[in-house]
Structures are given as structure tokens and as C-alpha cells.
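The structure under discussion appears below in the form of C-alpha cells.
There are 2 protein chains.
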Amino acid sequence: MKYEGPKIIELGEREALARAVKAFKSVPSTLVGSGDDAAVVALDDPRVVVTTDTMIENHDFKLEWSSAFDIGFKAVMTNLSDLVAMGARPRALTVALIVPNQTAQSWLEEFALGLQTACDQHAPQCEIVGGDLATGDQLVVAVTALGDLGDSAPVLRSTAKVGDQVIVAGTLGKAAAGLSLLQAADSTLADSYPELVGIQLRPVPDLALGTEVARTATSMMDISDGLSLDADRLASKSNVSLALKRSLLEGYSAVLELAAQSINSRTPNSVSEWNWVLHGGEDHSFLATFPAGSQLPRGAKVIGEVIELKEHGVFLDQEPLTAAGWDSIRG
Amino acid sequence: MKYEGPKIIELGEREALARAVKAFKSVPSTLVGSGDDAAVVALDDPRVVVTTDTMIENHDFKLEWSSAFDIGFKAVMTNLSDLVAMGARPRALTVALIVPNQTAQSWLEEFALGLQTACDQHAPQCEIVGGDLATGDQLVVAVTALGDLGDSAPVLRSTAKVGDQVIVAGTLGKAAAGLSLLQAADSTLADSYPELVGIQLRPVPDLALGTEVARTATSMMDISDGLSLDADRLASKSNVSLALKRSLLEGYSAVLELAAQSINSRTPNSVSEWNWVLHGGEDHSFLATFPAGSQLPRGAKVIGEVIELKEHGVFLDQEPLTAAGWDSIRG
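Laid out in C-alpha cells, this is it:
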């Protein structure tokens with residue numbers, strides 16, 4: 000993608016930032032916003048929830064595929080889903096951005112707009128309160144997000160109970176399908192599946208649904224690295240095993256069949272919709288456990304149940320489901 | 000510096016992190032530490048103070064000069080000084096680390112020890128509660144720090160009053176002198192001034208003194224980019240000018256004279272102790288304003304006074320002092 004106009008380096012950090020932060024809106028809970036040594040954010044509850052997540056060029060995104068807007072948007076959403084998975088309301092973000100030295104100011108301003116738009120659409124009470132801008136060899140975005148628990152208890156990964164239902168709130172495998180479409184040898188394929196590609200580039204986990212799930216969930220996490228790996232983490236932290244049912248996951252794979260066929264018709268057997276569903280990351284949907292028999296929020300789906308700890312963390316129709324998701328070091 | 004043993008990439012993110020975080024100590028205020036979607040930290044006060052700062056290989060440090068321990072230590076101290084400059088007590092840190100893919104696990108573990116040692120020595124109530132580890136083209140450390148205001152008001156940059164004394168708490172120019180020594184053509188020079196080089200590699204702003212200053216200061220900030228630039232920022236935010244006196248700064252330059260002479264005897268006129276004092280960054284000392292006549296904490300020094308806004312933000316003996324500090328984009 001092409002970004003015209005002056006380079007950030009021609010403007011200097013102060014001026015470049017001053018122009019970019021004009022995109023940011025303030026919220027009443029921010030007592031001191033950006034521009035001082037630190038920001039001050041008034042929470043309702045003195046228990047602050049904090050998470051941080053980094054996106055790196057060519058590891059987590061490619062500049063051929065992602066616009067500046069996409070990268071800003073995604074950086075925010077991946078962090079907000081972590082807060083919501085704890086049962087917290089997003090209240091503030093800080094953004095450390097490293098850009099290659101020839102980056103255009105117009106890129107920076109569109110990135111800032113992506114950050115703000117994600118907040119506007121998904122967390123209007125959350126402000127971008129500070130950050131850092133510097134140059135480096137490759138583009139890096141490190142976001143830290145702060146959340147407020149109100150008077151709720153945090154929802155952990157470690158508190159699933161035997162007999163609970165295992166549920167998913169949100170899509171599974173769509174972001175991975177989008178990635179496969181972008182990677183396909185036939186570069187026109189991606190255009191045929193804009194929804195899937197869109198979820199890869201600008202994930203939109205349903206934070207309102209996640210917030211509702213958190214009210215009743217006995218345990219919860221966001222699925223960032225794929226169902227198999229993240230379910231294994233939840234099982235391990237909770238000292239239980241999870242028995243998932245393929246029949247309950249069929250709805251997720253069915254909507255991806257056509258995309259998988261399209262890719263495989265060009266490069267046979269290169270992808271599988273079940274691989275996307277079971278092992279694909281980046282939808283940032285929610286995995287949770289619910290007390291048996293409790294009413295599920297509309298949009299959440301049961302995919303299995305919590306059983307006593309066995310030799311494996313996760314089973315699919317009685318067979319061990321080996322974790323095969325994303326490791327940020329080994330890929 | 001040499002780091003032996005297995006590479007991080009051979010271990011994978013999970014195992015590499017699990018070994019490194021063993022260096023971290025927990026504190027009682029951390030309700031949920033690392034290992035979940037987010038951490039939960041109990042503050043005394045629901046106003047959370049948050050700051051973030053990034054260090055990039057070859058921009059902010061060089062691996063020939065800085066050990067893994069140094070880099071971890073410095074990343075923590077630069078963030079803690081920002082919290083203290085707001086009048087906040089450090090309570091939690093998150094650390095996003097990007098390492099080149101051939102980095103040894105022993106490097107990572109020494110880095111973690113540097114992080115923890117800075118907390119142990121300077122902020123024992125502060126815990127490293129989370130973070131992120133990934134590989135990239137160059138080493139990047141992005142730290143976010145959370146602070147607690149207790150029942151104090153935050154100390155801003157924007158509230159200096161005409162008639163206040165301008166004060167400094169901590170060293171000025173030593174970190175810059177250390178950098179010049181490391182950069183000197185004669186590589187044995189650095190060994191002759193271990194204190195100055197030490198402050199460059201592992202800055203130790205006096206956080207206890209800063210905390211005491213914050214109790215009375217009418218305005219305050221940390222001096223990260225050099226006195227001239229940071230004083231100008233404070234003046235600009237407060238809509239005042241600052242009249243500094245050279246005679247009051249002589250103590251800072253006197254202790255750097257010998258180092259400057261040593262460098263200049265090899266490369267004539269390459270450095271000046273006054274340049275270090277006026278424009279050198281990275282000591283992370285505190286710049287503050289105090290009501291006229293109020294008692295100064297031991298260790299704080301008056302360097303001038305706050306005057307009405309004039310054409311320039313900062314004057315040195317009636318002459319405009321042009322900001323010449325560090326811009327993270329332009330250097």
C-alpha cells in the first residue's frame with residue numbers, strides 16, 4: 000500500500016506524534032492524558048487489570064496485506080479481548096510504536112485512526128493515554144491495555160470445574176482461513192472471501208458477548224493461538240481435561256468448507272477447514288467454562304465438557320487432541 | 000558479550016519464558032500474576048498511573064556495551080523514574096521483549112535478572128506481572144509501568160508557578176559523559192571512569208529522593224532527554240519561562256571536567272562537560288519546581304527560578320538556552 004507525503008523522520012518525534020494523536024478522543028475517566036511523564040486513569044475499582052501484546056512486521060502481519068489502519072485496529076482488538084477474557088472493562092491503552100525510518104507521516108496518522116476506530120466501535124470508554132514513537136529496522140507495535148473489574152471477581156483460566164460445559168463465544172478458524180487465502184498462490188482468491196480475510200486483518204471479537212459470558216463463566220480465556228493450544232492451556236491451569244465433541248464444532252467448519260475447497264482446487268490438499276477450526280489462531284474469540292445446566296448467552300455455543308484430569312489436556316471425541324497452535328518464537 | 004548454551008528458539012516461547020520468569024519475585028498486591036490473559040494488581044487508590052518506554056538495539060543501546068543484565072536494569076529504571084516523577088509508587092511492570100532469533104536462553108535469563116534486580120534495589124513493592132516474548136530482526140524492550148498515587152495528587156509538568164524555585168534531584172550529564180566515553184576512539188578510556196559509564200549503562204535515579212521531592216513540588220518531570228529540552232517542555236506545559244543560573248549548575252559540570260579533558264586530549268574539542276550537563280539525557284534525574292522559600296529535601300539543588308513566560312522557554316544567565324536534547328526519531 001502506498002503512503003504519500005512527508006516522512007515521520009522529517010517531522011521529528013514531537014511534531015509527528017502531535018499530528019497523529021489528534022485522532023485520539025478523550026474519555027472522562029482519564030485524569031491525565033498523554034503529554035506528561037505518565038497518564039493517570041480513574042478506575043471504579045483499585046484492582047487494575049493489565050495485559051500487553053506485541054505485533055511484529057513479517058511475523059504477525061505483512062505490509063503487503065495490512066494497511067496502517069488494519070494494524071492499528073488489530074493491535075487494539077487483540078489486547079481488548081484479553082481484558083474482556085478476564086471479566087474487565089477496557090479503560091486505557093498505551094501504544095509503543097517502532098517504525099522504519101522512511102515511514103510516511105500519512106501511515107502514522109492512518110495507524111492512529113485504526114487504533115481509535117477500534118476503541119470507538121468496541122470500547123468507547125477506553126482511551127489511548129500514552130505511548131512511544133521511535134525508529135527501528137522493522138515495524139513493531141506493542142500495546143498495553145488496562146481494564147477495570149468494577150465489583151466483579153477476575154475470571155481466570157485456572158478455575159474450570161469438572162462437569163462444566165466448555166463453550167466458545169465467537170468465530171473459530173475464520174482468521175486462519177483468511178491467512179491461508181492471503182497466502183494462496185492465486186492472489187485473486189482473497190478477494191472472493193472478504194469476510195474471512197477481513198477477520199484476519201481486522202479481528203472483531205464480540206466483546207459485548209465476551210463480557211456477558213464473563214458474568215457466569217467459571218473460567219475463561221481468549222483464543223489467540225488456536226483452540227487446541229489454548230484449550231490445553233486452560234485445562235493445564237485448571238488441572239482438568241476437556242472433552243470436546245466434533246459434532247458440536249461442525250458449525251464452525253461448515254462455513255469454511257467452500258474457502259478450503261477453493262484453495263485446494265488450486266493447490267490440492269494444502270489446507271483443511273478442520274485444521275483452521277481446531278488449530279487456527281487470531282479470531283480472538285472466547286473459550287470459557289459454564290456451570291452445567293446454566294443458561295448460555297445468545298451467540299455462545301457448547302463444544303464439550305470439563306472432565307477429570309487424564310493423560311491429555313484436550314480430547315476430541317475421546318481421542319487426544321494435540322496442541323498445534325502458534326508459538327510466537329517458533330511460529 | 001558472550002552468552003552460551005541453548006538458543007531461545009530451540010526451547011520455544013513457553014519453555015524459554017517459564018525458565019526466565021523464575022527470576023521474578025511476587026509481591027502481595029499482585030492478585031493475578033503472569034500466566035493468565037492479563038494480570039490483576041491491587042492498588043491502594045483507583046487512580047492508576049501508567050507509562051511506557053521502549054529501548055531499541057543500536058538506537059538506545061549497543062550489545063557491545065550493554066550486558067543482558069544492563070538492558071533489563073535500564074528498561075526498568077527509565078520507567079520507574081517516570082512514575083516517581085508523577086508522585087506515584089511503582090507497583091507493576093509488563094515487559095514486551097523482541098529478540099533476534101539466535102539469542103541464547105542465557106541472555107534471556109540474565110535480562111530477567113536485570114529486570115528483577117532493579118525492582119529489588121529500587122522498588123521492592125513492584126512486580127513484573129506479565130509480558131510478551133517474540134523474535135524479530137533486532138532487540139527491542141518495551142516496558143509499561145503502573146503506579147499507585149495513594150492519596151496524593153499527581154504531580155504534573157503543567158503546574159509550575161512564577162516565583163517557584165527550579166530544582167534538580169540527581170545527577171546531570173553523567174550518563175551523557177558515560178556515552179561519550181564508550182564512544183571514544185580510545186577504547187580504554189571507558190575503564191577509567193566506571194561511575195560515569197555505569198550510569199549510562201545502568202542508570203540509578205534516586206527514586207527515594209524523587210518521591211520526597213514529589214510531596215512538595217508544584218511541578219515535576221524526569222529528565223530523560225536532557226535538561227535543555229526537558230526544561231523547555233516543562234516551561235511550555237506550564238506557560239512560564241525558567242531562568243537557570245550557570246553558577247548553580249557548576250557543581251554538575253565540575254565533576255565531569257576530568258572525563259571531558261581525557262577525551263579531548265585524544266580528540267581535541269570533541270566534547271564539553273557543559274554540553275553534557277545542559278543537553279545530555281538518560282540520567283533520569285528529576286526536574287521540579289518548589290514554592291519559593293520552602294525547605295528542599297537533602298540532595299535536591301536549586302538551579303534557577305520560574306519567571307513569567309517570555310519569548311523563550313528556558314534562559315541560562317539571561318541568554319536563551321536552545322533545546323538540544325534527544326529526539327527519538329531524529330536522534
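Top to bottom, those sequences are chains B and L. Under numbering that gives the first Met the number 0, think of the first position of the first sequence as 0, with each following residue one higher. Under numbering that gives the first Met the number 0, think of the first position of the second sequence as 0, with each following residue one higher. Glycine residues also receive a C-beta, built at the ideal position from the N, C-alpha and C atoms. Computed from a predicted model, the values in this text were never measured in an experiment.
query	result
Between Gln137 (chain L) and chain B, is there a C-beta pair that is closer than 7 Å?	yes
Taking CB distances under 7 Å as the criterion, tell me whether Met76 (chain L) reaches chain B.	no
On the CB-based measure, 16 or more other CB atoms within 10 Å of its CB, does Thr78 (chain L) come out buried or exposed?	Correcting the residue type first, residue 78 (chain L) is Asn in the shown sequence and not Thr. Per the 10 Å Cβ criterion, buried.
Of the residues that make up the region 41-72 of chain B, which ones have a beta carbon closer than 7 Å to any beta carbon in chain L?	Ala41, Leu42, Asp43, Asp44, Pro45, Arg46, Val47, Val48, Val49, Thr50, Thr51, Asp52, Thr53, Ile55, His58
Quick check on this structure: which residue in L:Val49, L:Ala133, L:Val142, L:Leu62 has the alpha carbon closest to the alpha carbon of Ala74 (chain L)?	L:Val142
Return the chain-ordered ranges of every beta strand (DSSP E) run that is complete within the region 130-161 of chain L and spans a minimum of 3 residues.	139-147
Looking at the C-beta of Leu82 (chain B), does it have a partner C-beta in chain L at a distance below 7 Å?	yes
Would the region 58-70 of chain L and the region 253-270 of chain L be scored as touching if the rule is three or more Cβ pairs under 8 Å?	no
With burial defined as no fewer than 16 other Cβ atoms inside 10 Å of the residue's Cβ, what is the status of Thr217 (chain B): buried or exposed?	buried
Taking the alpha-carbon positions, what's the Asp316 (chain B) to Ala291 (chain B) distance?	19 Å
Less than 6 Å between C-beta atoms, sequence neighbours within five positions excluded: which residues of the same chain meet that for Leu277 (chain L)?	Leu226, Ser227
Could you give the C-beta distance for Gly149 (chain L) and Asp81 (chain L), rounded to a whole number, given that I count them as a contact under 8 Å?	Between Asp81 (chain L) and Gly149 (chain L) the Cβ distance is about 17 Å, and since that is not below 8 Å, they are no contact.
What's the C-alpha gap between Pro202 (chain L) and Asn100 (chain B)?	27 Å
Assuming Val94 (chain L) and Leu107 (chain L) make a contact with CB atoms under 8 Å, what is their CB distance in whole Å?	Not quite, the Cβ-Cβ distance comes to about 11 Å (not below 8 Å), so this is no contact.
For Ala152 (chain L) and Lys173 (chain B), what's the separation of their Cα atoms in angstroms?	47 Å
Measure the CB-CB distance between Thr53 (chain B) and Asp35 (chain L) and report whether it falls below 7 Å.	no
Run through chain B and tell me which residues come within less than 8 Å of Ile97 (chain L), C-beta to C-beta.	Thr53, Ile55, Val139
Step through the CB atoms of chain B and report whether any lies within less than 7 Å of the CB of Thr29 (chain L).	no
Please name the residue in B:Leu320, B:Ser66, B:Val254 whose C-alpha comes closest to that of Lys244 (chain B).	B:Leu320
Taking Arg156 (chain L) as the query, report the chain B residues whose CB atoms sit under 9 Å from its CB, ordered along the chain.	Gly34, Asp35, Asp36
Please check the pair Arg297 (chain B) and Met220 (chain B), which I expect to be a contact at CB under 8 Å, by giving their CB distance rounded to whole angstroms.	Actually they do not touch by this definition, with Cβ atoms about 21 Å apart.
Can you pull the chain L neighbours of Asp131 (chain B), defined as C-beta to C-beta under 8 Å?	Thr51, Asp52, Thr53, Ala141, Ser327
For a cutoff of 7 Å on Cβ pairs, would you count Val165 (chain B) as touching chain L?	no
Let me check understanding here. Comparing Cα to Cα, which of B:Val161, B:Ala207, B:Leu181, B:Gln104 lies closest to Ala122 (chain B)?	B:Ala207
My parser needs the beta strand (DSSP E) runs of 3 or more residues fully inside the region 44-123 of chain B; what are they?	46-55, 88-98
If you drop the 5 nearest sequence neighbours on each side, which residues of the same chain put their C-beta closer than 7 Å to that of Thr210 (chain L)?	Val83
Residues of chain B with CB closer than 9 Å to the CB of Pro153 (chain L), please, in chain order.	Leu30, Val31, Asp35, Ala37, Val39
Leu145 (chain L) versus chain B: which residues are under 8 Å apart at the beta carbon?	Val47, Val49, Leu145
Excluding five sequence neighbours on each side, which residues of the same chain lie with their C-beta closer than 7 Å to the C-beta of Ser105 (chain L)?	Tyr2, Glu3, Gly4
Between the Cα of Trp64 (chain L) and the Cα atoms of L:Ala15, L:Leu42, L:Ala183, L:Ser237, which residue gives the shortest distance?	L:Ala183
Do you know whose CA, among L:Thr50, L:Gln137, L:Val254, L:Lys236, lies nearest Asp147 (chain L)'s CA?	L:Thr50
Would a check of beta-carbon distances place Thr93 (chain L) closer than 7 Å to chain B?	yes
Measuring only the C-alpha atoms, how far is Leu96 (chain L) from Asp229 (chain B)?	21 Å
Going by DSSP, which residues form a beta bridge with Lys6 (chain L)?	L:Ala103
If you follow the alpha helix (DSSP H) that Glu249 (chain B) is part of, which residue opens it and which one closes it?	245-253
Applying the 10 Å Cβ sphere with the 16-neighbour rule, what's the burial state of Thr351 (chain B)?	In this structure chain B extends from 0 to 330, so residue 351 (chain B) is not present and cannot be described.
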